[in-house]
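Here the sequence shown is numbered in the UniProt record's numbering, starting from 1 and rising by one per residue. Backbone N, C-alpha and C fix where the C-beta goes; we use that ideal spot for every residue, glycine too.
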Amino acid sequence: MKSNFKILSFIAIFGILLNSCSSDDDASSPGVNAPEITDFEYGEGSSHSTDQAAFTGSDIHIEADIYAEGVVNSIILSIHAHDLEAGENEDEWEFEQVYDAASYQVINPSFHVHVDVPQYAAEGEYHIELVVIDEAGNSTEIEGHIDVINLITFSNADIDATVVRGEEFHMDVEIGALNGIHELNVDIHAHDLIVGDGEVEWDGEFDYSTDFHDLTEADFHKHIQVPATAPAGEYHITITVEDEDGHTESYETHIDVIAS
Numbered sequence: 001m002k003s004n005f006k007i008l009s010f011i012a013i014f015g016i017l018l019n020s021c022s023s024d025d026d027a028s029s030p031g032v033n034a035p036e037i038t039d040f041e042y043g044e045g046s047s048h049s050t051d052q053a054a055f056t057g058s059d060i061h062i063e064a065d066i067y068a069e070g071v072v073n074s075i076i077l078s079i080h081a082h083d084l085e086a087g088e089n090e091d092e093w094e095f096e097q098v099y100d101a102a103s104y105q106v107i108n109p110s111f112h113v114h115v116d117v118p119q120y121a122a123e124g125e126y127h128i129e130l131v132v133i134d135e136a137g138n139s140t141e142i143e144g145h146i147d148v149i150n151l152i153t154f155s156n157a158d159i160d161a162t163v164v165r166g167e168e169f170h171m172d173v174e175i176g177a178l179n180g181i182h183e184l185n186v187d188i189h190a191h192d193l194i195v196g197d198g199e200v201e202w203d204g205e206f207d208y209s210t211d212f213h214d215l216t217e218a219d220f221h222k223h224i225q226v227p228a229t230a231p232a233g234e235y236h237i238t239i240t241v242e243d244e245d246g247h248t249e250s251y252e253t254h255i256d257v258i259a260s
C-alpha cells in the first residue's frame, strides 16, 4: 500500500510540476504585435507626387510600407469628405475598397495602388484612411488629408435661357485652367426637332481657341447669332475646354429658340 501511495504521490507531484512549467512557458511566449504602417504617402498619380493633392479626372497614388509580425488578413482604404458641398456640375464622391488578395495576405506586404478620381468629383479636402488587419484581429490605422482640385473650372455662368430666332444671345462664363487653355469650343445642337416650311436645321459649332489660348483665367463673354431659319425648340449648349496637358472639361446647359 505504501509503495502504491508513493507512486501515486509522485505522479501527482510530477503532474503539478509539468502543468506549472507549461503555464510558465505560455506566460513567457510573446504575443503578435499589431502591424506597423510607415512611409505613408500619396498624391497626384501620373507623377507619383507627394504634394497631397490630386486632380479631377486623374488619379491618386497611395503607398505605404507595412511591417507585420503575423500574416495580414486585409487592408482597407477609404477616401471621403466631411461636409463638402458639391458645386455646380460637381458630384459627391467617396471611395472604399478592401484589399484581401493573396498578394496582401502575407507578412510585410507591399501596398501601392492608384485610385481614379471622377471627372466631376467635388473640389475640396478629402480624408484618407488606411487600416491594416492581421489574422489575429490586430489592426493599425493611419490617416491623412488630400486636396482634390479641378484642373478646369466653370463658374458664375450667365447664359440667356431664351432667344428669338434671327437674334443673338449672350454667354458669360468664368473659366479657370491651371495648365492654360489650349482649345475652347462651343457646340449648339437640337435633338429631334421638326423642321417646318422655310426652316433649316441648325447646328452651331464655334472655335474660340485663338482668343483664349494659354490663359489660366478667362472671362468668356460672347454673343452668338441664331439663324432666322432655325427651327424653334430646345437646343443643347456645350462649352468644352482642353488644357495644355490634354485634360478636357465641359459645361452644359440649354436654351430655347422661339419663333417670336
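Asked, Found
"I need the DSSP call for residue 139, collapsed to helix, strand or coil.", "strand"
"According to the neighbour-count rule (16 or more other Cβ atoms, all chains shown, within 10 Å of its Cβ), is residue 82 buried or exposed?", "exposed"
"Would you report the Cα separation of residue 77 and residue 113, rounded to the nearest angstrom?", "10 Å"
"Would you mind stating whether residue 175 and residue 241 have Cβ atoms separated by less than 8 Å?", "yes"
"Looking at the secondary structure, which residues open and close the beta strand (DSSP E) in which residue 74 lies?", "72-80"
"Please say whether residue 58 and residue 41 have beta carbons closer to each other than 8 Å?", "no"
"Put residue 210 into one of helix, strand or coil per three-state DSSP.", "helix"
"CA-CA distance, residue 62 and residue 231?", "53 Å"
"What are the complete beta strand (DSSP E) segments, minimum 3 residues, inside the stretch 142-203?", "152-159, 162-164, 168-177 and 181-189"
"At 3 residues or longer, and completely inside the stretch 86-136: list those beta strand (DSSP E) runs for me, N to C.", "95-99, 110-116 and 124-134"
"Should residue 148 go down as buried or exposed, given a rule of 16 or more other Cβ atoms within 10 Å for buried?", "buried"
"Output yes or no for whether 8 Å exceeds the beta carbon distance between residue 243 and residue 177.", "yes"
"Going straight from the alpha carbon of residue 180 to that of residue 163, what length do you get?", "32 Å"
"Under 6 Å Cβ to Cβ from residue 188, same chain only, skipping five residues before and after it: list those, please.", "204, 235 and 237"
"Measure the C-alpha to C-alpha separation of residue 33 and residue 154 and round it to an integer number of angstroms.", "51 Å"
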